[in-house]
């Protein structure tokens, strides 16, 4: 499964925001979930300062493989995060079984 390209779209905070994390926590969780299934995947990061605040994983053609509420990837919501990680992994696996 080498050579698969992904884009992880994540919310980022503006420089004036009081939240210095800037979406990196969610981005890293989504990236690690993809890499758990496809260790050699090439991942492009794309920030979006829009609402609702969501994280999406797309294939190279822009097809959404997984999309979910940003909060589901926060470490402080461990059970939601674990479920989202499993969903991302399953979605990536299923996407490439179908293609």
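Residue numbers (mature numbering (1 follows the signal peptide of the UniProt record, and there is no 0)): -18 to -1, 1 to 81. All C-beta atoms in this analysis are idealised placements derived from N, C-alpha and C, irrespective of residue type, glycine included.
Going by DSSP, what residue range makes up the alpha helix (DSSP H) through residue i?
{"i": "residue 11", "result": "6 to 19"}
Is the distance from the Cβ of residue i to the Cβ of residue j below 7 Å?
{"i": "residue 23", "j": "residue 77", "result": "no"}
Tell me the residue span of the beta strand (DSSP E) that contains residue i.
{"i": "residue 25", "result": "24 to 30"}
{"i": "residue 50", "result": "46 to 51"}
If you run the structure through DSSP and keep just helix, strand and coil, what is residue i?
{"i": "residue -13", "result": "strand"}
{"i": "residue 36", "result": "strand"}
Our contact map puts residue i next to residue j with C-beta atoms below 8 Å; I'd like the distance itself, whole angstroms only.
{"i": "residue 47", "j": "residue 19", "result": "10 Å between Cβ atoms; not a contact."}
{"i": "residue 57", "j": "residue 7", "result": "6 Å"}
The segment 59 to 78 contacting the segment 34 to 50, beta-carbon criterion three pairs below 8 Å: Verdict: yes, contact present.
Evaluate the contact criterion for the segment 24 to 31 versus the segment 52 to 64: three or more CB pairs, one atom per stretch, below 8 Å. Counting Cβ pairs under 8 Å, fewer than three are found: no touch.
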